[in-house]
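Its first residue numbered 224, the sequence shown is counted upward by one per residue in the working numbering.
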Amino acid sequence: MIAVVGHPDLTVPTLALLEEELRSRLADRARTGRAGLVRAGKGLPVAFGRAARKAGLALVTVLPSLSGVPAYIAEPDRKAAGELLLLSQMVRLVEYDPGDRASCIGADEALVRSCARVLAIWDGSPSNGRDATAHLVAYARSHGVDVEVLWPRGAEHRTVPPAEARGVCGLTGRSPRTTD
Numbered sequence: 224m225i226a227v228v229g230h231p232d233l234t235v236p237t238l239a240l241l242e243e244e245l246r247s248r249l250a251d252r253a254r255t256g257r258a259g260l261v262r263a264g265k266g267l268p269v270a271f272g273r274a275a276r277k278a279g280l281a282l283v284t285v286l287p288s289l290s291g292v293p294a295y296i297a298e299p300d301r302k303a304a305g306e307l308l309l310l311s312q313m314v315r316l317v318e319y320d321p322g323d324r325a326s327c328i329g330a331d332e333a334l335v336r337s338c339a340r341v342l343a344i345w346d347g348s349p350s351n352g353r354d355a356t357a358h359l360v361a362y363a364r365s366h367g368v369d370v371e372v373l374w375p376r377g378a379e380h381r382t383v384p385p386a387e388a389r390g391v392c393g394l395t396g397r398s399p400r401t402t403d
């Protein structure tokens, strides 16, 4: 299985650029019967899901659950989760509290360990309390998971001040709960 991790604040032009780049990279893996793993959320997960579908790669979407019941997905991720569910061949419920950063990171680490490869959409910057990409890359490498870093020419993400950085975690780096 192939998971994708990356910056949560990729620009719209970067997401478009990545979708095409991911499609071409995933096509080879589709021919070998692999599957892609993504946690439901907007931005990179949707770009990965669309690319996987175009490449013919099976997609598994991860949803949070609490006591075996799917957890509430807050906006802005709800619409994206719906699209990912439509693109997916399988849905995987993972037990964690989407409102608890430590719980999110623990779930992400378990997902990374379950994969043979991680595609990291990462500019090489360190973790900052908001963006768990650097942590997940280091974690994958320390557990023998193959990591492929992808940061195409012209890719951008916006830098968020530390005051806005609280409470974000996950394969997508999205805030676990936001108000509608």
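Built from N, CA and C at the ideal position, the CB exists for glycine as well.
7 Å Cβ cutoff met for residue i and residue j
i	j	result
R315	V283	yes
L267	I328	no
A226	C338	yes
L249	A278	yes
V370	V360	yes
A297	K265	no
Whole-number beta carbon distance between residue j and residue i, since they are thought to touch under 8 Å
i	j	result
A263	L286	6 Å
S348	A355	Contact flag wrong, Cβ pair sits at about 12 Å.
L334	L260	6 Å
Rounded straight-line distance, which links the Cα of residue j to that of residue i
i	j	result
E244	Y295	32 Å
R352	T255	This sequence places Gly at residue 352; Arg is not what is there. So the two alpha carbons sit approximately 37 Å from each other.
L310	S326	26 Å
E318	L308	18 Å
G229	S350	11 Å
T184	D320	In this structure the chain extends from 224 to 403, so residue 184 is not present and cannot be described.
E379	R301	24 Å
R377	V235	In the sequence under discussion, the amino acid at residue 377 is Gly, which differs from the Arg named in the question. When rounded, the distance between both Cα atoms is 12 Å.
P299	A330	21 Å
D251	G305	27 Å
E242	P231	15 Å
Proximity winner among the options, relative to residue i (alpha-carbon distances)
i	options	result
S365	R381, E332 and N351	E332
G322	V235, P236, L289 and R336	L289
W408	L240, E306 and D300	This structure leaves residue 408 out entirely; the chain is present only between 224 and 403.
Q312	R301, D320 and G272	G272
A258	E306, M224, R381 and G305	M224
7 Å Cβ shell around residue i - same chain, five flanking residues per side excluded
i	result
R246	A274, K277 and A278
Y362	E332 and V335
Cβ shell of residue i (< 8 Å), same chain only, five flanking positions each side left out
i	result
P293	L286, P287 and L316
G291	L316 and E318
Close-in-space but distant-in-sequence residues of the same chain around residue i (CB under 6 Å, 5 per side omitted)
i	result
V372	A343 and W345
R381	D232
P385	Summary for P385: the model assigns pLDDT 42, below 50, so the residue's position carries little reliability, and this model does not support an answer.
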